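Just below is one structure, and these are the notes that go with it.
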Amino acid sequence: MNKVLLLTACIGVFNLSGSCSSSRKVKPEQINSLIQEKLGPNFTQETNSKGNFSLYIQNLTETDDKIALKFIVVDVAKNTIIYENSFLPGHVKWHSDTALEVLSLPGIIEADEDLSHYKKIISIALPKQ
């Protein structure tokens, strides 16, 4: 029983850690419905400065009880999801044209800590062709 609980906990931590990427190509008319399927109807879209990648971030609503919010990166030209993950309350934004800054805050921040302890820069690796 303890092994099952430990395995379940490890899977949950891995899911929040930032290693969940995929490469799923869809038809242009299907990308919006796929994003809504993964994030729900309430999300924000931000394109990087070159316009080749779009970041879709699930929005928290007043009635939501979610702790972690999901985000997806889409290769605009190929209509392919190249990265997806989740974060705790904080933010996800473009750090550069090929990297994201993810601030994932725990429930309690110690007085001697600053936010840089909770920031990660994630390079958006393109799928191999």
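Read left to right, the sequence shown gives residues 377 to 505 (my numbering). Beta carbons: idealized from backbone N, C-alpha and C, even for Gly. In this text the structure is predicted, and so the values were computed from the model without any measurement.
If you compare alpha carbons, which of the options is closest to residue i?
i, options, result
"G483", "T456, L464 and I457", "L464"
"N461", "L415, S409 and L481", "L415"
"N428", "Y494, S499, N455 and E486", "N455"
"L481", "Y494, D488 and V452", "Y494"
Helix, strand or coil: how does DSSP classify residue i here?
i, result
"N461", "strand"
"I448", "strand"
"E477", "strand"
"I433", "strand"
"S492", "helix"
"K414", "helix"
"E422", "strand"
Could you give the distance in angstroms between the alpha-carbon of residue i and the alpha-carbon of residue j?
i, j, result
"D473", "L445", "22 Å"
"D490", "K403", "43 Å"
"L479", "P417", "23 Å"
"I498", "S409", "26 Å"
Between residue i and residue j, how many whole angstroms is the CB-CB distance? I'm expecting something under 8 Å.
i, j, result
"Q434", "F419", "5 Å"
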